[in-house]
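Visitor:
In our numbering, the protein residues as written are 1 to 434.
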């Protein structure tokens with residue numbers, strides 16, 4: 001028997017697959033010594049009993065250098081481009097992983113929804129998962145290794161699954177679509193992202209829209225306009241969409257709108273969470289879910305940290321939206337901030353991975369902020385040139401905290417936005433230290 005077995009432990013589904021099954025799925029050569037596995041890891045430090053360690057190439061090193069460590073930690077099986085004990089040997093582990101994930105995906109017969117786009121992916125994925133009660137990977141686990149792991153662990157009795165597809169190189173979306181084979185795809189937005197790899201917006205659009213090769217697709221109306229609004233495209237949004245939300249209200253602590261007679265409330269501020277809720281309702285309608293139940297579940301939506309996350313410190317309200325940033329998402333956040341009542345402050349850090357266009361795009365964001373009547377505090381390598389247009393700059397997070405402390409007062413709203421690697425949320429940790 002190629003497949004090992006499956007069981008439930010304390011309510012958690014467990015699938016075990018044999019070394020022979022892995023070799024057959026990947027087209028690899030099986031070396032002796034391997035044992036059945038029920039988990040998949042790509043970091044040798046996470047290897048343990050029952051794991052398959054996938055030795056992938058990285059930007060600085062290669063997983064093959066850590067095979068012995070994985071075995072020493074108890075890994076049952078290795079997927080590598082080199083022979084060895086307990087190893088499935090393949091030519092290219094990264095390609096073999098796609099084949100393995102695809103075979104694991106084939107074990108699930110329920111509907112699969114895939115979410116992609118330049119921004120808003122995780123929020124939309126979470127809204128669909130929680131609103132419809134579908135299985136989903138946690139957080140933004142949106143690349144091939146965690147997606148293969150998700151399908152290994154996916155209970156075949158689940159009523160459906162939703163996955164997020166994140167790309168930062170040419171051809172990656174095609175690989176992820178091959179692995180996940182969604183019945184329905186959702187394209188959230190299109191804008192400049194990962195330009196170190198994609199070079200320009202035209203390439204971003206070409207790569208992201210591979211997502212639309214799913215049998216059915218749903219596109220945010222803003223992205224559809226960028227595509228030229230081709231006939232036959234099914235859209236969602238609050239202006240002129242196939243799945244139309246109405247009476248949108250964006251409050252400081254929540255969002256609210258109407259959909260097919262339902263009054264829908266999302267417990268997060270901003271257009272992004274509202275659009276995510278609308279996408280969940282549209283997907284629910286397409287898949288035949290009870291929309292009243294979807295709406296009720298969306299009222300209890302809980303997003304991962306750093307996505308319009310509200311925190312109050314000594315009367316000052318912070319909106320931590322600093323999990324990630326690109327020009328599209330920063331502009332959306334600034335537009336929301338400009339519409340809020342009272343005194344407000346924007347703290348804008350670096351948007352990473354924009355390549356040669358980085359300075360121009362940072363300046364364009366600064367100009368947008370000024371047009372909206374905001375006077376931001378900038379951080380990062382382009383902060384000085386941004387501040388020349390208006391606003392101020394800080395050399396460090398500590399300096400930014402000191403600058404804010406000298407100016408904000410209880411009742412003010414402070415919006416934090418930057419790429420994750422900047423660590424802008426540390427402003428919250430440093431606040432009480434000053």
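The C-beta atom is built at its ideal place from N, Cα and C for all residues, glycine as well.
In the structure shown, what three-state DSSP assignment does residue 168 receive?
Guide: In the chain shown, counting from the first residue as 1, residue 168 sits at position 168. Three-state DSSP puts residue 168 in coil, outside helix and strand.
Visitor: Would you mind sorting residue 344 into buried or exposed? The rule is 16 or more other CB atoms within 10 Å of its CB.
Guide: Position 344 of the chain shown, counted from the start, is the residue given in the question as residue 344. So residue 344 counts as buried.
Visitor: Using the rule of at least 16 other Cβ atoms within 10 Å of the residue's Cβ for burial, across every protein chain shown, is residue 106 buried or exposed?
Guide: Counting from one through the chain shown, the residue named residue 106 turns up at place 106. Under this definition residue 106 is an exposed residue.
Visitor: Thinking C-beta only, is residue 163 closer than 8 Å to residue 143?
Guide: Residue 143 sits at position 143 when you count from the first residue of the chain shown. Residue 163 sits at position 163 when you count from the first residue of the chain shown. No, Cβ-Cβ distance for residue 143 and residue 163 is not below 8 Å.
Visitor: Under the assumption that residue 283 contacts residue 218 (Cβ atoms under 8 Å), give the Cβ distance between them as a whole number of angstroms.
Guide: Reading the chain shown from its first residue, position 283 is the one you call residue 283. Reading the chain shown from its first residue, position 218 is the one you call residue 218. At roughly 7 Å, the Cβ-Cβ gap stays under 8 Å, so residue 283 and residue 218 are in contact.
Visitor: Closest by CA to residue 296, which one among 316, 262, 274, 314?
Guide: Looking up residue 296 in the chain shown gives position 296. Of the candidates 316, 262, 274, 314, the one whose C-alpha sits nearest the C-alpha of residue 296 is 262.
Visitor: Can the beta-carbon of residue 211 be found closer than 8 Å to that of residue 355?
Guide: Position 211 of the chain shown, counted from the first residue, corresponds to residue 211. Position 355 of the chain shown, counted from the first residue, corresponds to residue 355. Contact flag unset, no.
Visitor: By the three-class DSSP mapping on this structure, what secondary structure does residue 38 have?
Guide: Position 38 of the chain shown, counting from 1, holds the residue named residue 38. Coil at residue 38, not helix or strand.
Visitor: Give the secondary structure of residue 77 by DSSP, where H, G and I count as helix, E and B as strand, and everything else as coil.
Guide: Residue numbering aside, residue 77 sits at position 77 when the chain shown is read from its first letter. The answer is strand: DSSP assigns residue 77 an E or B state.
Visitor: Taking DSSP as the reference, what is the three-state secondary structure of residue 194?
Guide: As a working note, residue 194 is residue 194 in the chain shown. Three-state result, residue 194: coil.
Visitor: For the segment 367-418, which segments carrying the alpha helix (DSSP H) assignment without a break, of at least 4 residues, lie completely within its bounds, in sequence order?
Guide: Entirely contained in the segment 367-418, the alpha helix (DSSP H) runs reaching 4 residues are, in chain order, 383-387, 397-405.
Visitor: Tell me the DSSP secondary structure of residue 62 in three-state form.
Guide: Position 62 of the chain shown, counting from 1, holds the residue named residue 62. DSSP places residue 62 in strand when its eight states are reduced to three.
Visitor: Counting pairs of beta carbons, one from the segment 358-377 and one from the segment 329-346, are three or more of them closer than 8 Å?
Guide: Judged by Cβ distances under 8 Å, the segment 358-377 makes contact with the segment 329-346, as three or more pairs qualify.
Visitor: Quick test of your reading: residue 321 and residue 416, contact by CB under 8 Å. State the CB separation rounded to the nearest angstrom.
Guide: As a working mapping, residue 321 is identified with position 321 in the chain shown. As a working mapping, residue 416 is identified with position 416 in the chain shown. At roughly 6 Å, the Cβ-Cβ gap stays under 8 Å, so residue 321 and residue 416 are in contact.
Visitor: Apart from the five residues just before and just after residue 240, which ones in its own chain have a Cβ nearer than 7 Å to its Cβ?
Guide: Residue numbering aside, residue 240 sits at position 240 when the chain shown is read from its first letter. Same-chain partners within the cutoff: 221.
Visitor: Can you tell which of 48, 334, 88 has its C-alpha closest to the C-alpha of residue 25?
Guide: Taking the chain shown and counting its residues from 1, the one referred to as residue 25 is at position 25. Considering only alpha carbons, the answer is 88.
Visitor: Taking the straight line between their C-alpha atoms, what separation do you get for residue 419 and residue 170?
Guide: On the chain shown, position 419 is the one that residue 419 refers to. On the chain shown, position 170 is the one that residue 170 refers to. Taking the straight line joining both Cα atoms gives about 21 Å.
Visitor: Since I believe residue 75 is in contact with residue 51 (beta carbons under 8 Å), could you give me their beta-carbon distance rounded to a whole number of angstroms?
Guide: Position 51 of the chain shown, counted from the start, is the residue given in the question as residue 51. Position 75 of the chain shown, counted from the start, is the residue given in the question as residue 75. The Cβ separation is near 5 Å, so the contact holds.
Visitor: CB-CB under 6 Å to residue 372, same chain, minus the five flanking residues each way: which ones, in chain order?
Guide: By one-based count along the chain shown, residue 372 stands at place 372. Contacts found: 334, 338.
Visitor: Quick one: give me the first and last residue of the beta strand (DSSP E) that residue 425 is part of.
Guide: On the chain shown, position 425 is the one that residue 425 refers to. Run containing residue 425: none; DSSP gives neither H nor E here.
Visitor: Spell out a yes or no on whether the segment 293-311 and the segment 266-284 are touching, meaning 3 or more CB-CB pairs, one atom from each, closer than 8 Å.
Guide: Yes: the two stretches touch, three or more of their Cβ pairs being nearer than 8 Å.
Visitor: How should residue 386 be labelled, buried or exposed, when 16 other C-beta atoms within 10 angstroms of its C-beta is the threshold for buried?
Guide: Start at 1 with the first residue of the chain shown, and residue 386 comes out as number 386. Under this definition residue 386 is a buried residue.
Visitor: Within 10 Å of its beta-carbon, does residue 7 have 16 or more other beta-carbons around it, so buried, or fewer, so exposed?
Guide: In the chain shown, residue 7 corresponds to position 7, counting from 1. By the neighbour-count rule (16 or more Cβ atoms within 10 Å), residue 7 is not buried but exposed.
Visitor: How is residue 258 classed by DSSP in three states: helix, strand or coil?
Guide: Taking the chain shown and counting its residues from 1, one reaches residue 258 at position 258. DSSP places residue 258 in strand when its eight states are reduced to three.
Visitor: Using 8 Å for Cβ pairs, my map puts residue 350 next to residue 264. What's the rounded Cβ distance?
Guide: As a first step, residue 350 is located in the chain shown; it is residue number 350 there, counting from the start. As a first step, residue 264 is located in the chain shown; it is residue number 264 there, counting from the start. That belief does not hold up - the Cβ atoms of residue 350 and residue 264 are roughly 35 Å apart, past 8 Å.
Visitor: Which full runs of the beta strand (DSSP E) of 3+ residues lie inside the segment 221-253, going along the chain?
Guide: List check, beta strand (DSSP E) in window: 235-237, 246-250.
Visitor: What first and last residue would you give for the beta strand (DSSP E) that runs through residue 348?
Guide: On the chain shown, position 348 is the one that residue 348 refers to. Start and end: 344-348.
Visitor: Drop a sphere of 10 angstroms on the beta-carbon of residue 433, count the other beta-carbons inside from all chains shown, and report buried for 16 or more, exposed for fewer.
Guide: On the chain shown, residue 433 is found 433 positions in, with the first residue counted as 1. Residue 433 is exposed by the Cβ-count criterion.
Visitor: With distance defined between alpha-carbon atoms, name the residue in 13, 158, 234 nearest to residue 243.
Guide: Counting from 1 along the chain shown, the entry for residue 243 is found at position 243. Comparing Cα positions, the closest option is 234.
Visitor: Using beta-carbon positions only, say whether residue 42 and residue 145 come within less than 8 Å of one another.
Guide: Walking along the chain shown from the start, residue 42 turns up at place 42. Walking along the chain shown from the start, residue 145 turns up at place 145. Yes, Cβ-Cβ distance for residue 42 and residue 145 is below 8 Å.
Visitor: Measure the C-alpha to C-alpha separation of residue 120 and residue 184 and round it to an integer number of angstroms.
Guide: In the chain shown, counting from the first residue as 1, residue 120 sits at position 120. In the chain shown, counting from the first residue as 1, residue 184 sits at position 184. The straight-line gap from Cα to Cα measures roughly 17 Å.
Visitor: Using only the alpha-carbon positions, how far apart do residue 267 and residue 366 sit?
Guide: The residue you call residue 267 lines up with position 267 of the chain shown. The residue you call residue 366 lines up with position 366 of the chain shown. If you take the alpha carbons of residue 267 and residue 366, they lie about 29 Å apart.
Visitor: What does the Cβ neighbour count give for residue 168, buried or exposed, with the cut at 16 atoms within 10 Å?
Guide: Start at 1 with the first residue of the chain shown, and residue 168 comes out as number 168. Per the 10 Å Cβ criterion, exposed.
Visitor: What does the Cβ neighbour count give for residue 59, buried or exposed, with the cut at 16 atoms within 10 Å?
Guide: Locating residue 59 in the chain shown gives position 59, where the first residue counts as 1. So residue 59 counts as exposed.
Visitor: For residue 5, list the residues DSSP reports as bridge partners.
Guide: One-based indexing of the chain shown puts residue 5 at position 5. Answer is 16.
Visitor: For residue 2 and residue 21, I'd like the C-alpha separation in whole angstroms.
Guide: Numbered from its first residue, the chain shown carries residue 2 at position 2. Numbered from its first residue, the chain shown carries residue 21 at position 21. A caution first: residue 2 carries a pLDDT of 47, below 50, which makes its placement in the model unreliable, though a value can still be read off. Distance between the alpha carbons of residue 2 and residue 21 is about 5 Å.
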